[in-house]
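First comes the structure, then the notes that go with it.
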Amino acid sequence: MLADSHIHSFFSPDSSSSIEEIAITAQKKGLDFFTIADHYQVWEDKEYTFDVESRCLFLTNKQKQFPGLLIGVEIGEIQNNPSLLQQWKDLPFDLFLGSIHVAGKVFGPFATHNVPDETVYEAYFSEVRRMVETTDIDAVAHMDFPRRYLASYHIPWDMVDSILSLIIEKDIALEINTSLWRKGLPFSMPDIHILTRYAQKGGKKVILGSDAHRPEEVGEGIEKALILARELSLTPGYYKKHVFHPLEVL
Ligand SMILES: [Zn+2]
Ligand SMILES: [Zn+2]
């Protein structure tokens, strides 16, 4: 079985993929499940949001046509409004994918301060920790995301260790995000060092996400991520109605 748990559609301002286009590629790539996880950023500007109820209704209707379709949301900076997920818990969502795109004034679209890369990673992971501590997300997206933009890589292991422990304690999954592979970079997000540490600490649950913003990117790298997960003795799966289901080996 294969599942891509992180796909953007036209509900995201940075994608124009239709559900039909996504479903066609999903079928071509042999995906059993594909989760539409559009951006909903808890930012001051409302550009990266959508009408939650009408989107759920729209996608629920599409599920009749495409039974592998799952309804997710890539919820950004949810630690700034954790009660939102309680308000959404009775809507037909399958996956709350928590993600961080902003760290204070040092990382992301609102960054104004130029600081060393180490400082960026620390600020970033401290937001990840706050998100994991305070919200009811199902999975953490691209845990070491600044790597996409920065020349160097620094893992503040004390912080990352405490986040991984909390993820395991709260029964949250880690995403293996494959998007950097198709940009020609040799690592997933998070990379193998963090995934290995997660496994060593007893972590099991991972979901696999292409972070496709174009139809042709759907399913990209998912098989490779599945192999990586199994090599590390992790359990790749997908979320349906916020319940983790392991991908069966057929
Ligand atoms: Zn993201
Ligand atoms: Zn995304």
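The numbering of the sequence shown is my numbering, which starts it at 16 and goes up by one.
For glycine and all other residues, C-beta sits at the position ideal for the given N, C-alpha and C.
All values derive from a computational prediction rather than experimental measurement.
- prompt: Contact check, residue 153 vs residue 188 under 8 Å by CB: the rounded distance?
  reply: 6 Å
Coil, strand or helix - residue 220 by DSSP: strand
Distance between residue 227 and residue 267 (C-alpha atoms, nearest Å): A question about residue 267 goes unanswered here, because the residues of the chain that appear run from 16 up to 265.
message: Measuring only the C-alpha atoms, how far is residue 184 from residue 177?
response: Roughly 10 Å between the two C-alpha positions.
- prompt: What residues in its chain sit with their C-beta under 7 Å from that of residue 214, if we drop five residues either side in the sequence?
  reply: 247, 248, 249
query: Is the stretch 221 to 241 touching the stretch 18 to 25, taking contact as three or more C-beta pairs under 8 Å?
result: yes
- request: Below 8 Å on the Cβ atoms is my guess for residue 90 versus residue 114; work out the distance and round it to an integer in Å.
  value: 7 Å
- prompt: Mind pulling the beta strand (DSSP E) runs of 3 or more residues that sit fully within the stretch 45 to 94?
  reply: 48 to 56, 84 to 91
- request: Measure from the alpha carbon of residue 143 to the alpha carbon of each residue in 129, 76, 92, then state which is nearest.
  value: 92
query: Just the Cα atoms here: how many angstroms apart are residue 251 and residue 110?
result: 15 Å
Sub-8 Å separation of residue 81 and residue 38 beta-carbons: yes
- prompt: Mind checking residue 76: buried by the 16 CB within 10 Å criterion, or exposed?
  reply: exposed
Rounded straight-line distance, which links the Cα of residue 197 to that of residue 264: 25 Å
message: Closer than 7 Å to a non-hydrogen atom of ligand 1 - does that hold for the CB of residue 157?
response: yes
field: Nearest-angstrom Cβ-Cβ length linking residue 125 and residue 138, presumed shorter than 8 Å
entry: With 8 Å as the limit, residue 125 and residue 138 do not qualify as a contact, their Cβ atoms being about 12 Å apart.
- prompt: From what residue to what residue does the alpha helix (DSSP H) around residue 40 run?
  reply: 34 to 43
task: State the start and end residues of the unbroken beta strand (DSSP E) segment that holds residue 21.
output: Counting along the chain, residue 21 sits inside the beta strand (DSSP E) bounded by residues 18 to 22.
message: Contact defined as beta carbons within less than 8 Å: I believe residue 135 pairs with residue 165. What is the distance between those atoms, to the nearest angstrom?
response: At roughly 6 Å, the Cβ-Cβ gap stays under 8 Å, so residue 135 and residue 165 are in contact.
field: Range covered by the beta strand (DSSP E) that runs through residue 114
entry: 110 to 114
message: Please tell me whether, using a cut-off of 7 Å, the distance from the CB of residue 62 to the nearest non-hydrogen atom of ligand 2 is below it.
response: In this structure, residue 62 has its CB at a distance of at least 7 Å from all heavy atoms of ligand 2.
query: Is residue 240 near residue 203, with beta carbons less than 8 Å apart?
result: yes
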